[in-house]
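The letter at position 68 of the sequence shown is residue 63 when you use the numbering used here, and the numbering goes up by one with no holes. What follows is a short report on a single structure.
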Amino acid sequence: MRGQIASVDLVFSTLILVIVALTLISFLNTELKTSESLSLDEKRDGLVLSAAQQLALTTGRPENWNASTCERAGLSCGEGLLCIEKISSLSSLYSSDYNKTRGLIGLGAYEVSILICKPNDYSSCDYNFSTQARETDRLNSSHVSRAEVLSTLGGKTVSVIVYAWE
């Protein structure tokens, strides 16, 4: 009888140990996935902010680039002023070679939308570099990064807004 009781105790203690171990493994796996997801979101957030600053505050490379010569997109003429010619060139580039455009602003790994709007009035943007399909995709994505940088266009303050998602 004593041997049977010891065996039953051993089975129960082993069962409890296995349940605790499986619970711990499941918890750690969930935490690792959450941590990995947060770090990817943080990385994308930083890249999107960098892209928005590049577009709004730099002239790009070469300084007087157009759609065929652009190595790095920047919409500024200098002094925080946006150039309508560069906006037109970026629009042409976005329409004709979307993948190249993403790379020129440092977001080649992500889907991208770029808006130039009046600050705090996103319903009527002067320039919208996107398509209806991309906007629908963005609105349905659970991981979207957004950055906004103020600049000047035609004597008026505007927001250069960049969205990126996977």
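Note that CB positions come from ideal geometry on N, CA and C, so glycine has one too.
Cβ contact annotation for Ile109 (same chain, cutoff 6 Å, sequence separation greater than five): Phe124, Val157, in chain order.
Rounded to whole angstroms, the separation of the alpha carbons of Asn94 and Asp36 is 21 Å. Contact check for Arg67 against Arg56 passes: the beta carbons are separated by less than 9 Å. For Gln49, the number of other beta carbons within 10 angstroms of its own is at least 16, and it is reported as buried. The Cβ atoms of Trp60 and Gly73 do not sit closer than 9 Å to each other. Per DSSP, Ala128 lies in no beta strand (DSSP E) segment; the continuous alpha helix (DSSP H) that holds it begins and ends at 127 to 135. A buried status is given to Val107, since no fewer than 16 other beta-carbon atoms sit within 10 Å of its beta-carbon.
Around the Cβ of Lys81, a 10 Å sphere holds 16 or more other Cβ atoms; the residue is buried. Taking Leu42 as the centre and dropping the five residues before and after it, the same chain places the C-beta of Gly101, Leu102, Tyr105, Ser140, Ala159 closer than 8 Å to its C-beta, in chain order.
Counted as a single uninterrupted DSSP element, the alpha helix (DSSP H) harbouring Thr96 occupies residues 93 to 99. With respect to Gly75, Ser154 sits apart: the two C-beta atoms are not nearer than 9 Å. For Thr152, the enclosing beta strand (DSSP E) starts and ends at 151 to 160.
Its chain contains Ala62 as the residues whose beta carbon lies nearer than 8 Å to that of Ser91, once the 5 sequence neighbours on both sides are disregarded; these appear in chain order. At a Cβ-Cβ threshold of 9 Å, Asp116 and Leu148 do not count as neighbours.
With fewer than 16 other Cβ atoms from the protein chains shown falling within 10 Å of its own Cβ, Ile79 counts as exposed. In this structure, DSSP gives Thr64 a state outside helix and strand, which the three-state scheme calls coil.
Contact annotation: Ser71 and Thr54 have beta-carbon atoms nearer than 9 Å.
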